[in-house]
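Working notes, structure below.
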Amino acid sequence: MTQKLHEPIRPIPCKIGPELKLPLFVSTIEAGFPSPAENTLDKALDLNELLIHHPEATFFVRVSGDSMIKAGISEGDLLIVDRSLSPAHGKIVIAVVDGEFTVKRLELLKDQVILRPENDNYEPIVIRDQQDLIIWGVVTSVIHNV
Amino acid sequence: MGEPFFKVKDLCRRQQVHYFSSNYSLYGDMSERVMRILEHDCPDIEVYSIDEAFIRLDNMPVDPFDFCTALRAKILQWTGIPVSIGIASTKTLAKVAGDIAKKRTQNGVYSLLDKTLDDPILGTFPINDIWGIGRKSGAKLNQMQVNTVADFCKLPPFLVKKFLTVQGERIQRELQGRHCHDLEAPTARKNITSSRSFGTPVRELEQLQEAVANHAVKACVKLRQQGSRARALHVFLRTNHFKPNTPQYANHVTIQFLHPTSDSAQMIETAKHAIASIYKANYAYQKCGVTLIDLVDDTHLQQDLFSSIDYTQSDERMRLIDTLNAKLGNNTVFYAAQGIRRDWQMKSEHRSQCYTTAWSDLLTIE
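First to last, the sequence lines map onto chains A and B. In terms of this note's numbering, the first sequence opens at residue 1 and continues consecutively. In terms of this note's numbering, the second sequence opens at residue 147 and continues consecutively.
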């Protein structure tokens with residue numbers, strides 16, 4: 001393999017912290033033909049890595065009812081909620097309305113906030129001035145058992 | 147101060163007060179989240195207790211007040227926990243600033259960096275509330291007409307040393323802005339304690355032995371987690387010293403092991419013998435506990451070629467039990483000595499759910 005003089009050096013991203021994890025390459029460098037597995041990292045796939053990006057701000061909740069069925073959220077499903085994300089128009093959020101928790105799609109309009117269900121049998125919640133609203137966190141994933 | 151719940155039960159009902167039993171799983175998890183956020187953003191941190199930490203700011207290129215304001219906002223958003231942050235040039239002053247931040251500010255952050263002892267808020271801060279000044283020291287100082295931080299700092303150092311020892315001297319220096327306590331690096335614990343007050347006073351030895359067996363197991367789990375073994379076990383029991391009209395008895399004993407151990411079974415046996423040796427009948431015991439002391443790092447033991455002790459079987463057994471309990475729940479495998487009913491335990495009749503540590507306890511949302 002010829003080494004180009006100005007080949008760009010690509011740093012391997014790693015987390016700086018008390019423990020520095022570096023990727024481990026499986027094969028040693030050998031003279032001869034490169035192995036197809038040479039560039040693979042020796043690590044099992046981890047769902048936590050896939051689904052949880054801010055562990056300190058991530059919470060799980062269980063769903064009851066079918067108010068969000070058209071969004072793929074069913075009774076009994078597990079929701080992964082990330083409090084570090086900024087709530088935005090169109091996101092599915094956990095909201096607390098007058099002290100009650102609910103999961104709905106957030107609509108931030110010019111002069112109104114609406115919590116919209118994803119089921120034609122339910123009415124959207126239009127937040128009135130006197131009501132107490134907290135956006136508790138943003139739903140990032142749904143875990144549905146089949 | 148605290149009151150036993152049964153004394154205020156009716157008042158709570160009448161005034162519609164919500165009440166909860168302690169939920170250490172939830173508190174521990176929330177605490178860990180907050181501490182991990184701090185660790186991300188602050189390279190130099192000392193976690194002091196379940197709800198307190200010291201962080202060093204002078205080696206970071208940030209404005210301390212702005213940094214802490216942003217940090218507080220981040221913790222609040224990420225976890226929902228409102229923290230108070232006190233900024234100062236020493237640990238002792240930082241704790242004062244934290245107290246002021248908690249009680250007197252809107253945004254939860256307060257800095258003493260540009261304040262001197264002439265400042266009215268710092269100067270009039272009660273000396274009895276200062277970190278390191280206990281009830282007795284506080285009373286001694288009050289008798290000498292020393293009631294505030296300003297009063298205390300006016301005392302000549304030799305007098306402080308005379309009445310409060312070298313510790314008191316350090317406190318005075320820290321209050322004057324000269325720091326004595328550096329951040330402590332996280333090390334393996336030098337001793338491990340497990341103890342708890344009883345829900346209802348215990349009179350029988352069997353129940354005490356059951357309780358102490360549980361404490362021994364709990365402490366051993368922590369011991370194994372940090373890769374240590376203990377050379378000695380300390381056991382104590384006592385009656386309720388808040389009820390001085392009742393017969394009082396307290397005692398403790400320390401037992402040394404022939405070889406350092408982290409084996410739960412051995413710890414239970416020893417603890418049971420230990421408590422039997424100090425037990426006296428006809429007393430209403432309020433608390434007991436164990437402390438594992440004189441800890442030694444397991445890796446150092448393994449490297450000792452001349453060690454005659456074979457830990458293999460015991461370690462394998464412990465590893466199995468720890469794995470099962472980690473996977474299937476805390477009490478999946480337990481020793482008979484720990485008992486099944488455990489009537490002496492803290493009553494948690496009104497405990498909130500373990501929202502963040504038990505799948506069965508998740509919040510359900512519509």
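Here a beta-carbon is modelled for each residue, glycine too, at the ideal position from N, C-alpha and C.
Amino acids of chain A, ordered along the chain, whose beta-carbon sits closer than 7 Å to that of residue i
i       : result
Q161(B) : Going along chain A, no residue has its Cβ under 7 Å from Q161(B), so there is no contact; the nearest lies around 18 Å.
Q223(B) : R83, S84
T502(B) : F59
R179(B) : E56
Contacts of residue i in chain B (Cβ-Cβ under 8 Å)
i      : result
V63(A) : T510, I511, E512
I94(A) : I511
S67(A) : E512
Partner residues on chain A for residue i, Cβ-Cβ distance less than 8 Å
i       : result
R182(B) : P55, E56
Interface partners of residue i on chain B, CB under 7 Å
i       : result
T102(A) : I511, E512
Rounded distance between the beta-carbons of residue j and residue i, thought under 8 Å
i       : j       : result
I414(B) : L383(B) : Contact flag wrong, Cβ pair sits at about 16 Å.
L474(B) : F101(A) : Not quite, the Cβ-Cβ distance comes to about 30 Å (not below 8 Å), so this is no contact.
S171(B) : P210(B) : At roughly 34 Å, the Cβ-Cβ gap does not stay under 8 Å, so S171(B) and P210(B) are not in contact.
S64(A)  : I511(B) : 7 Å
V113(A) : I127(A) : 4 Å
T238(B) : E315(B) : Not really, about 12 Å apart at Cβ, beyond 8 Å.
I231(B) : M176(B) : Incorrect: roughly 17 Å between the Cβ atoms, too far for contact.
E360(B) : L441(B) : The amino acid at residue 360(B) is misidentified as Glu; the sequence shows Asn. The Cβ separation is near 20 Å, so there is no contact.
A240(B) : G269(B) : In fact, because the Cβ distance is near 17 Å, the residues do not count as touching under 8 Å.
T236(B) : H325(B) : 4 Å
V367(B) : A417(B) : Not really, about 14 Å apart at Cβ, beyond 8 Å.
Y457(B) : A411(B) : Going by Cβ atoms, the distance from Y457(B) to A411(B) rounds to 13 Å, so no, they are not a contact pair.
N119(A) : D66(A)  : 6 Å
S103(B) : L310(B) : One cannot answer for residue 103(B) here, as it falls past the ends of chain B, which runs 147 to 512.
S498(B) : N169(B) : 5 Å
E192(B) : L329(B) : 4 Å
Sequence-distant residues of the same chain with beta carbon closer than 8 Å to residue i, five excluded per side
i       : result
V229(B) : V180, R218, I221, L222, G254
G72(A)  : V142, H144
I233(B) : L203, P210, F211, C214, A240, A243, V255, Y256, S257, L258, L259
A422(B) : L351, Q355
V81(A)  : T58, F59, F60, V61, I94, W136, G137, V138, V139, T140
H327(B) : T236, K237, T238, R316, E320
L79(A)  : F60, V61, R62, V63, I73, I94, V103, V139, S141, V142, I143
T28(A)  : For T28(A), the predicted structure reports a pLDDT of 47, less than 50, and the residue's modelled location is therefore unreliable. A value from the coordinates is still provided. Excluding positions up to five away in sequence, the list is empty.
E149(B) : none
Nonlocal neighbours in the same chain, by C-beta distance under 6 Å from residue i, ignoring five residues either side
i       : result
E356(B) : G485
F25(A)  : With a pLDDT of only 49 at F25(A), under 50, the local geometry of the prediction cannot be trusted, and the value read off the model is given with reservation. For F25(A), where only same-chain residues beyond five positions count, there are no Cβ hits under 6 Å.
R150(A) : No information on residue 150(A) is available, as it lies outside the stretch 1 to 146 that chain A covers here.
C500(B) : S171, L172, D507
I467(B) : V479
Q353(B) : W490
Q130(A) : none
C188(B) : I201
N397(B) : I424
Residues near residue i in its chain [Cβ-Cβ closer than 7 Å; skip 5 each side]
i       : result
Q84(A)  : Here residue 84(A) is Ser; the residue named in the question, Gln, does not match the sequence. Correct list, in chain order: H54, A57.
F271(B) : V242, T294, V295
K4(A)   : Confidence at K4(A) is low in this model, with a pLDDT of 42, below 50, so the placement of that residue is unreliable and no value is reported for it.
L438(B) : N337, I338, A365, L369, A376, L379
Q394(B) : T385, H387
L51(A)  : I80, S141
I273(B) : I279, G284, L287, V292, N293, T294, V295, D297, F298
Contact test: residue i Cβ vs the ligand MN heavy atom, cutoff 6 Å
i      : result
L78(A) : Absence of the ligand MN from the depicted structure is noted, as is the absence of any ligand whatsoever, leaving it without description.
Q) Are at least three pairs of beta-carbons, each pair with one atom in the stretch 426-438 of chain B and one in the stretch 343-352 of chain B, less than 8 Å apart? A) yes
Q: Would you check if the stretch 151-167 of chain B and the stretch 131-145 of chain A touch, i.e. whether three or more CB-CB distances between them fall below 8 Å?
A: With a cut-off of 8 Å on Cβ pairs, the stretch 131-145 of chain A is not in contact with the stretch 151-167 of chain B, counting fewer than three such pairs.
**Q.** At least three beta-carbon pairs within less than 8 Å, the stretch 194-204 of chain B to the stretch 49-58 of chain A
**A.** The stretch 194-204 of chain B, when compared against the stretch 49-58 of chain A, does not touch it at the 8 Å Cβ threshold.
Q | Segment contact flag, the stretch 294-302 of chain B with the stretch 260-272 of chain B, C-beta cutoff 8 Å, min 3 pairs | A | yes
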